[in-house]
Amino acid sequence: MTNSRIYLSPPHLSGKEEYYITEAFETNWIAPLGPNVDAFEKEITEMVGAEDAVAVSSGTAAIHLALSLLGVSRGDKVFCSTLTFVASANPILYQGAEPVFIDSEPETWNMSPKALKKAFQEAVQEDQLPKAVIVVHLYGQSAKMDELLMLCNQYGVPIIEDAAESLGTTYKGKASGTFGKFGVFSFNGNKIITTSGGGMLVSNDTEALKQARFLASQARDPAPHYQHSMVGFNYRMSNLLAGVGRTQLQVLINRVIARRSIFDIYYHALKELPGFNFMQELEETEMNRWLTTLTIDETVAGVTPKELLEALNRENIEARPVWKPLHLQPLFKGARYYAHGKNNHVAETLFKTGICLPSGSNLSGKQQMRVIKCIRETVNNSISNRSYLISGKHEV
Ligand SMILES: *Cc1c(COP(=O)(O)O)cnc(C)c1O
C-alpha cells in the first residue's frame, strides 16, 4: 500500500469556520459585502496595526488595486522583486506598465538593496523614476525594510509590500505588510491562513482605501441610477468567505507557532547533512516560516536538488523548487533586470539550488518523519554509491 500524499502547504481549518458561515446564511448576508467583511477588515487592522484594510477576492486583486491607486498606467515603470510568484507582477501588465526586475540578496532571498540602488541611479539618468516598487516577503521572510525604505524615500517612490506569504511575520517588532504605502495579504488555500481564496489591502492612508473600496465595487458613483465615470473592478470579498477568514485569523498565532516548530524539526534533523543550508531568520525578525526552504550545494551533498525532489515525489511527498525568477519567465522575456552584483545573480542561484519542504501547520509528526527519512536515505545512498564508485576505481 502506498503512503498517503503529503502536501506542501494544504489548508488547515480550525473546525469553527462554520459558525460565521451559518450566521451569514441565517441573516441572508450572501453577498460581496456584509458584517463579516466589515469585521474581518477591522480585525486585520487590529492584528497588524494598520489604519484600514479592504477585503478583496484575491491577493492579486489587492496588488492590482494598489497599482491603480498609485496611478500606474501605460508607459510607467514599476520595480518588482524578481524571485517571486507571477502574481506579484501580473497586475503591472494589467495596467499596461513595464516591470523592471530587481534581484535578491543572499541573506533574506528578498529584494537586494544594492540592485535596487543601481536601478534607481539608472532611472534618474534616464529621467524616468518608477511609479512604485513592489517588495515581496518570500516564504515568510521579511525583506530588509530599513535599507529598502531608505532608498525608496530618498527617491520619493512608494512601496507596495507583497506580504502574501508573510502574514504573521514581524520585522523589528512591526507587522510585515505595514511598512510601505500599501500592504497586501493573500488567503489562498496554500497560505498561512485561508478563506479558500481571498486577499486584503492594508494602508494607513484611509482616503486611498476609501477609493480602493469604490474601485473594487465597479466604481459606482453616488447616484440611484447606477452612474459610472471611471473603470472599476468586481474585487470585493464574499461575506461568506470573510466569515472563514475571521475564524482563521483567530488561530493565526497558532499557525505561526506550528510552522516555526516544523522548521525547527527539519533544521535539527537535517542541518548536519553536507551541503544543506537552511534559510536563516533575519536578525530582529520573527518570521512565520510559511515554508521551510533550504539550498543544496550538490558538489558537497552528493545529490542535486532535482534528484532529491524526485526521490520525495516517489514517496508521494510534494516538495518544490524555489520560485523561478520572473526575469527568466517567457512571459517577461526582454524585461529589464538588475543583478545583485556583477556576475552575481542571487535569485538565479537560489532557483537552481533551493527547495521547499512540506510545511503545512497540520503536518503530523509522523508525516514529517517520513519526509526526513526520505531525505536522509537519498543522501546516504548517494554517498555510499559514490564511495562504491571511488573504491571501484581503486580496484582497476
Ligand atoms: C499567493 C501569492 C500571491 C497571490 O495571491 P492570490 O491570493 O493567490 O491572488 C501574490 N504574491 C505572492 C508572493 C504569493 O505567494
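The sequence shown runs -8 to 387 under the working numbering.
All C-beta atoms in this analysis are idealised placements derived from N, C-alpha and C, irrespective of residue type, glycine included.
Euclidean distance between Cα positions of residue i and residue j
i       : j      : result
Gln241  : Gln86  : 35 Å
Val193  : Asn371 : 48 Å
Ser350  : Glu156 : 13 Å
His385  : Gly293 : The pLDDT assigned to His385 is 48, lower than 50, so where the model puts this residue is not dependable, and the model offers no usable value.
Val387  : Glu298 : Unreliable placement is indicated for Val387, whose pLDDT of 38 sits below 50; the coordinate value is still reported in the next sentence. Distance between the alpha carbons of Val387 and Glu298: 29 Å.
Ile287  : Glu89  : 34 Å
Val337  : Val175 : 25 Å
Met(-8) : Gln358 : Per-residue confidence for Met(-8) stands at a pLDDT of 49, beneath the threshold of 50, marking its modelled position as unreliable; no derived number is given.
Met221  : Ala210 : 6 Å
Leu354  : Asn268 : 22 Å
Where the alpha helix (DSSP H) through residue i begins and ends
i      : result
Lys297 : Pro296 to Arg305
Val115 : Pro104 to Gln116
Phe31  : Pro26 to Val39
Leu264 : That residue, Leu264, is in no alpha helix (DSSP H); it is neither H nor E in DSSP.
Ligand 1 heavy atom lying under 7 Å from the CB of residue i
i      : result
Asn279 : no
Asp288 : no
Asn225 : no
Ser229 : no
Gly171 : no
Phe267 : no
Asn101 : no
Lys182 : yes
Glu37  : no
Glu398 : This structure cannot settle anything about residue 398, because the visible part of the chain is limited to -8 through 387.
Ala78  : yes
Ser133 : no
Asp153 : yes
Ser167 : no
Identity of the residues DSSP links to residue i by a beta bridge
i      : result
Gln218 : Asp212
Val124 : Phe70 and Ile150
Tyr328 : Phe92
Phe269 : Leu285
Cβ-based burial, residue i [other Cβ within 10 Å; buried from 16]
i      : result
Val115 : exposed
Phe16  : exposed
Arg305 : exposed
Asp94  : buried
Pro2   : buried
Gly189 : buried
Boundaries of the beta strand (DSSP E) in which residue i is found, first to last residue
i      : result
Pro90  : Glu89 to Ile93
Asp255 : That residue, Asp255, is in no beta strand (DSSP E); its alpha helix (DSSP H) goes Leu243 to Leu261.
Ile184 : Careful: Ile184 lies outside any beta strand (DSSP E) and carries neither H nor E.
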